[in-house]
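For reference, the structure discussed in these notes is given below.
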Amino acid sequence: MLRTIGLMSGTSLDGVDAAWVETDGEAIGRIGPSLTLPYDPALRADLRRLLDIASRAPGQDAAGLREDDPFLVDCVRRLTHRHVEAVAALGEAADLIGFHGQTILHRPQGDGRGGPGRTWQVGDAAWLARATGLPVAHDFRTADVAAGGQGAPLVPVVHAALAAALPKPLAVLNLGGVGNVTWIGADGALVAFDTGPANGPLDDWARRHGPHGYDRDGLLSAAGTPDAAVLARLLAHPYLAAPPPKSLDRLDFQRALQAAGIETLSAADGAATLVAFSAGCVAAAARHLPAPPRDWLVAGGGRRNPSLMRALAAALPQPVRPAEAVGWDGDALEAQAFGVLAARVRRGLPLTFPGTTGAPRPLPGGRIVGP
Ligand SMILES: Nc1ncnc2c1ncn2[C@@H]1O[C@H](COP(=O)(O)OP(=O)(O)OP(=O)(O)O)[C@@H](O)[C@H]1O
Ligand SMILES: CC(=O)N[C@H]1[C@@H]2OC[C@@H](O2)[C@@H](O)[C@@H]1O[C@H](C)C(=O)O
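In UniProt numbering, the protein residues as written are 1 to 371.
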């Protein structure tokens, strides 16, 4: 087994999650410590701006944002530095790092005008390798998109490994900026895709309407009532009815939210509507699963939002429980997964599958850069 450190900086732009895991890429051995190093507010704001710039570029692809753009280069430097700090703060000996990087654009199907698909994670893997003295696995999504896959989600194969002894069928739900579900059948079959927005639009809303950058403990949303008309328009979005495979960019629903009239609502009603929408996306996702799961296990920051957990429990007929109910760490799960995926890269094992990203066949991916 390898001693790995997984590093994930998700679509919520809240910081770097780091986790230590012993694994051969298939089995998971000892699970070590984990931590989150938050981004400082300036870096968070600049990364958010980078997302906007990348998605506003001409032709709706990233052609307008060059790799050597000084603003991008500066963000990458600060982002990578934070990852170096996260590895140092963890303070654990390791053999290999799995470095996801920050997604600034995700358009696996291209720009809709015949341009190539692209998924873009930024971060300087070579610098991270030099600074830590460890080999770094990175660029986990490109090979899948090049082969016609969605490039996301990647974590399902790790969910399946962790859930080996749990009753099936099982659904694992990650509620980050974007939501994603992994369905694991009794025979090990995997179906996984992005459900829709989870906390992303709610964070943006809370940042503009309250003192915190998120709907802390669900208090803002709990003070409001979902607006039935806005909610109905949002739930009619074609993404929800589309069959998997499918995946999302963090900003994919921005225009739909405007068009549905979210801006006409009060702070509390808008937050309540966004919570109801995120839960409604999961209920819509459930209709695409091959069979009803026995259980929903919820990981990611959204499980800390009581309004969202209540809305999910109301929207789904099966029990909805935080990942901790089966002994997992719902905050560290994605970072742990990138340690396991790094070991899979090292061994040339597939990362993506027809049932997860729509890859044409089980597909290896990722690259390793030495120190
Ligand atoms: N106490 C809380 N109350 C309400 N919401 C919370 C709380 N704690 C965390 N969150 C939500 O969880 C989000 C962070 O979730 P997480 O760290 O899982 O996202 P991520 O890993 O960045 O995203 P992704 O999985 O999409 O890549 C925050 O932005 C916030 O919306
Ligand atoms: C392109 C990208 O970064 N996608 C993320 C995002 O955040 C949640 C969801 O959308 C998921 O598809 C994916 O992350 C997890 C780690 C995954 O690939 O499994």
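We treat Cβ as the ideally placed atom computed from N, Cα and C, and that holds for glycine.
Remember, predicted model here, so these are calculated numbers, not experimental data.
Go ahead and pull the three-state DSSP assignment for Pro38.
-> strand
Is there at least one non-hydrogen atom of ligand 1 closer than 7 Å to the beta-carbon of Ser12?
-> yes
When you compare each of Trp183, Leu65, Ala94, Ala137 to Asp295 by their alpha carbons, which one comes out closest?
-> Trp183
Counting Cβ pairs closer than 8 Å, one from the region 254-261 and one from the region 278-285, do we hit at least three?
-> no
When the distance is taken between beta carbons, is Val230 closer than 8 Å to Leu265?
-> yes
Taking Cβ positions, are Leu43 and Arg78 nearer each other than 8 Å?
-> yes
Nearest CA to the CA of Phe353: which residue from Ala147, Gly327, Arg233?
-> Ala147
With 16 other Cβ atoms within 10 Å as the buried cut-off, status of Pro290 | exposed
Using a Cβ-Cβ cut-off of 6 Å (strictly less than) and excluding sequence neighbours within five positions of Leu50, which residues of its own chain qualify?
-> Cys75, Ile104
What are the start and end residues of the beta strand (DSSP E) that includes Val122?
-> 118-122
Cα-Cα separation between Phe193 and Gly10, rounded to whole angstroms = 16 Å
Do Pro144 and Gly365 have their CB atoms nearer than 8 Å?
-> Rather than Pro, the amino acid found at residue 144 in this sequence is Asp. Cβ distance < 8 Å, so Asp144 and Gly365 count as in contact.
Keeping to the same chain, check which residues put their C-beta closer than 7 Å to that of Gly133; ignore five residues upstream and five downstream.
-> Pro371
If we count Cβ pairs, one from each stretch, closer than 8 Å, do we get three or more for the region 1-17 versus the region 339-348?
-> yes
Does the region 159-177 come close enough to the region 111-125 that 3 or more CB-CB pairs lie under 8 Å?
-> no
Taking all protein chains shown into account, do 16 or more other C-beta atoms lie within 10 angstroms of the C-beta of Gly114, making it buried, or fewer, making it exposed?
-> exposed
According to DSSP, residues forming a beta bridge with Thr103 | Gln121
Rounded separation between Thr80 and Gly339 - CA only | 17 Å
Residue range of the unbroken beta strand (DSSP E) whose run includes Glu263 | It is not in any beta strand (DSSP E) - Glu263 carries neither H nor E in the DSSP assignment.
Pick from Ala94, Arg66, Gly270, Leu47: whose alpha carbon is nearest that of Gly32?
-> Ala94
With 16 other CB atoms within 10 Å as the buried threshold, where does Thr225 fall?
-> exposed
Beta carbon of Val298, beta carbon of Gly330: below 8 Å?
-> yes
In whole angstroms, what separates the C-alpha of Val87 from that of Phe99?
-> 11 Å
Alpha carbon of Arg287 to alpha carbon of His237, nearest angstrom = 15 Å
Looking at the unbroken alpha helix (DSSP H) that takes in Leu219, where does it start and where does it end?
-> 219-222
Just the Cα atoms here: how many angstroms apart are Gly29 and Ala335?
-> 15 Å
Helix, strand or coil: how does DSSP classify Glu92 here?
-> coil
Would you say the beta carbon of Asn174 comes nearer than 7 Å to a heavy atom of ligand 2?
-> yes
Counting only the same chain and skipping the five closest in sequence on each side, list residues whose C-beta sits under 6 Å from that of Ala165.
-> none
Among Lys246, Pro167, Ala359, which has the Cα closest to the Cα of Pro293?
-> Pro167
Secondary structure of Met8, DSSP reduced to three states = strand
Which of helix, strand or coil does DSSP assign to Trp127?
-> helix
Please list, in chain order, all residues of the same chain as Ala126 whose beta carbon is under 7 Å from its beta carbon, the five residues on each side excluded.
-> Val369
Taking Cβ positions, are Asn180 and Gly301 nearer each other than 8 Å?
-> no
For Ser34, which of Trp20, Asp24, Glu26, Asp40 has the nearest alpha-carbon?
-> Trp20
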